[in-house]
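The structure appears below as structure tokens.
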Amino acid sequence: MNAAHWLKNNTLDSLSIEDVNEVTSMVSTQDDEFNQLREQRRLALQKQLEQQAAQQADAEVKAQEAQIASQNLDAAMKTLLSPEARSRLSAISLATPERSQMIKQTIFQLHADGKLKAIMNDEQLKQLLLSQSKSRRSASIRRI
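Positions in the sequence shown are counted from 1; adding 32 to them yields my numbering.
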């Protein structure tokens with residue numbers, strides 16, 4: 033029985049010291065339960081905030097690593113491509129950044145494998161682009 037219900041069923045005039053102590057005890061118990069629930073909720077919110085902060089920090093670290101990798105790839109392109117080829121790749125990057133990134137990674141991999149020994153000129157880049165676009169077209173699905 034809670035304190036409000038008890039008080040509703042009894043008149044104030046008929047209260048004894050024991051009754052007052054009992055009501056006080058009921059109120060105290062309810063306050064303790066309320067404080068316990070409040071503390072549980074506070075701890076849950078704190079844990080949630082800590083998890084969100086950790087996720088955000090991880091995302092920032094990954095974004096920074098991706099940016100550094102992209103900058104390193106761009107720096108490598110300056111030494112692996114002729115000015116004309118860099119200009120062509122820059123134009124592709126403006127139109128389709130994902131494709132440009134894929135091409136840069138392919139060029140870097142060719143260099144790492146030792147298949148690209150000299151600076152890649154514009155004609156060689158065109159050939160690479162043609163070979164990649166042929167493979168992309170063959171994978172497309174046509175409707176009849």
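By construction, the Cβ of each residue, glycine as well, lies at the ideal position given by its N, Cα and C atoms.
Since this is a predicted model, take the numbers as computed values, not measurements.
As a beta-bridge residue in DSSP terms, M152 pairs with L113.
Here the alpha carbon of A123 sits roughly 11 Å from the alpha carbon of R131. Of S114, L160, A107 and L126, the smallest CA-CA separation from N153 is found for S114. With 16 or more other Cβ atoms inside 10 Å of its own Cβ, A117 counts as buried. For a cut-off of 8 Å, the C-beta gap from I100 to L121 is around 20 Å, too long to register as a contact. Distance from the CA atom of Q159 to the CA atom of Q103, rounded to whole angstroms, is 25 Å.
A straight line joining the alpha-carbon of V93 with that of A86 spans about 11 Å. For I139 against M109, the beta-carbon gap comes to about 7 Å, under 8 Å, which counts as contact. Counting along the chain, the unbroken alpha helix (DSSP H) around R131 starts and ends at P129 to A144. Across the set A95, Q137, L81 and A91, the C-alpha of Q137 shows the shortest separation from the C-alpha of D106.
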